[in-house]
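Okay, so here's the structure we're looking at.
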């Protein structure tokens, strides 16, 4: 079932299904790489192949805690949104929380308020499900993303180093950020 976030913009969340894997892969091959290509020795080949392959997608879709959507604007797929709840990071305990797992938008729509609408949707879902916190991970090398999340009320709680060998060492820092909803 589609979720309309803004009827004027025709902004819709369309659930991702197993049969959408090829479409998801093509979309994220473009969207993810456009923003993160520079951090990877292989320009993101390994990561895109790992995260958006059929096996990983099926595994993620089979988790009852996982909610995975195409973000569509006026009928065109412009990105993805994935959140999981209840979910706490392994590195630090954040009880009764939602993880904003993936929010990627095509660069053509950056700065148009779409990410804000997606964040509002996540907060609404979290509150409707009695959750107290939303958390996410943001790459330290992506200051515009971290600035956006800070504007949305998220604060850094922990920084750690990813162990992905294919990421250049200077780009491996990642921050866990959280926002309390009460």
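Residue numbers (our numbering): 3 to 184.
Idealized CB from N, CA, C, for every residue including glycine.
Under the DSSP assignment, residue 37 falls in the alpha helix (DSSP H) whose first and last residues are 23-38. In this model, residue 9 and residue 119 are separated by some 12 Å (Cα to Cα). With 16 or more other Cβ atoms from the protein chains shown falling within 10 Å of its own Cβ, residue 38 counts as buried. Excluding five sequence positions before and after residue 44, the CB atoms of its chain that fall closer than 7 Å to its own CB belong to 168, given in chain order. As the crow flies, the alpha-carbon of residue 28 is around 19 Å from that of residue 112. Distance from the CA atom of residue 117 to the CA atom of residue 105, rounded to whole angstroms, is 8 Å.
A distance below 9 Å separates the beta carbons of residue 20 and residue 60. When the beta-carbon positions are compared, residue 128 and residue 183 come within less than 9 Å of each other. In the structure shown, residue 173 falls within a helical segment according to DSSP collapsed to helix, strand and coil. Comparing alpha carbon positions, the residue from 72, 66 and 96 closest to residue 15 is 72.
Shown here, residue 17 sits in a strand according to DSSP, grouped into three states. Three or more Cβ pairs closer than 8 Å define a contact, and the stretch 131-140 meets that threshold against the stretch 93-102.
Here residue 85 is buried, its C-beta having at least 16 other C-beta atoms within 10 Å. Around the beta-carbon of residue 81, 16 or more other beta-carbon atoms lie within 10 Å, marking it buried. Taking the Cα of residue 48 as reference, the smallest distance to any Cα among 166, 152, 176 and 33 is reached at 166. Residue 115 is classed as exposed because its beta carbon has fewer than 16 other beta carbons within 10 Å across all chains shown.
In this structure, the beta-carbon distance from residue 160 to residue 177 falls below 9 Å.
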